[in-house]
Structures are given as C-alpha cells and as structure tokens.
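Here's what the structure looks like:
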C-alpha cells in the first residue's frame, strides 16, 4: 500500500476515528463531516485553549472532530502538559 493517501496521526486518534467520516456537532446536533487535513486548514476549525493543553472546535466540523476523535482525552492532555513544560508545544502556526 502506498503512503501517499495517509496523514500523520497518533495511534489513539486513528483508533478513535476508525472508518468515521462524519460525526455529530454537539452544539447544533447536526451530522457534519470530520476535519480533513488534506483539504482544510487546522486553524480554520480549531484553537488551543487552557494554555495549550486542550483543543477547542471553532466550527461544527471542529467541534464534532474534537469529540469523535477524543482529542482532549486524559492521555493526550497529560502529554501536552509535559510538552508545554519543555517548550515543545503548542505548535507555532
């Protein structure tokens, strides 16, 4: 299999996504497409909050993606805290 159709992601995010392409926006209760990093800009749909430890969705797609992929699960938030302490995070955009 060629890697040309793949995007980098952590194991847990990939596991949570599975074959999902859509999820429910918690604010509007509408079914919306998940964020597609090949077609959309991260900064259009997400922002860093709580000092960079959490991701907040700015759009229906962003909000649905945060929930569906569990982007603020305890494991990744703990990792972000360590990254911040070592000046590795959040990424400069």
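In the numbering used here, the protein residues as written are 179 to 271.
The C-beta atom is built at its ideal place from N, Cα and C for all residues, glycine as well.
A quick note: this is a predicted structure, and the numbers were derived from the prediction, not measured.
Practice task
From the DSSP output, in three-state form, read off residue 260 for me.
Solution key: Helix at residue 260.
Handout entry: Cβ-based neighbour list, residue 179, same chain, cut-off 8 Å, excluding 5 preceding and 5 following
Key = Note on residue 179: pLDDT 41, under 50, position unreliable in the model; the coordinate value appears next. Its chain contains no residue whose beta carbon lies nearer than 8 Å to that of residue 179 once the 5 sequence neighbours on both sides are disregarded.
Exercise for the section: Look at residue 237 and residue 223 and say whether their C-beta atoms are less than 8 Å apart. Expected result: Yes. Within cutoff.
Practice task
Under the assumption that residue 241 contacts residue 204 (Cβ atoms under 8 Å), give the Cβ distance between them as a whole number of angstroms.
Solution key: Yes, residue 241 and residue 204 are in contact; Cβ-Cβ is about 6 Å, under 8 Å.
Exercise for the section: Check whether the Cβ atoms of residue 243 and residue 235 sit closer than 8 Å, and answer yes or no. Expected result: With a cutoff of 8 Å on beta-carbon distance, residue 243 and residue 235 are scored as near each other.
Exercise for the section: Mind reading off the beta-carbon distance from residue 249 to residue 195? Whole number of angstroms is fine, and I expect it under 8 Å. Expected result: Incorrect: roughly 10 Å between the Cβ atoms, too far for contact.
Handout entry: Inside the stretch 216-241 only - beta strand (DSSP E) runs reaching at least 3 residues
Key = Within the stretch 216-241, the complete beta strand (DSSP E) runs of at least 3 residues are 224-227, 232-235.
Exercise for the section: In the DSSP assignment, find the unbroken beta strand (DSSP E) run with residue 200 in it and report its ends. Expected result: Unbroken beta strand (DSSP E) run through residue 200: 200-202.
Exercise for the section: Report all residues from its chain with a CB closer than 8 Å to the CB of residue 210; omit the five preceding and five following residues, and keep chain order. Expected result: The residues are 200, 201, 202, 203, 238, 239, 242.
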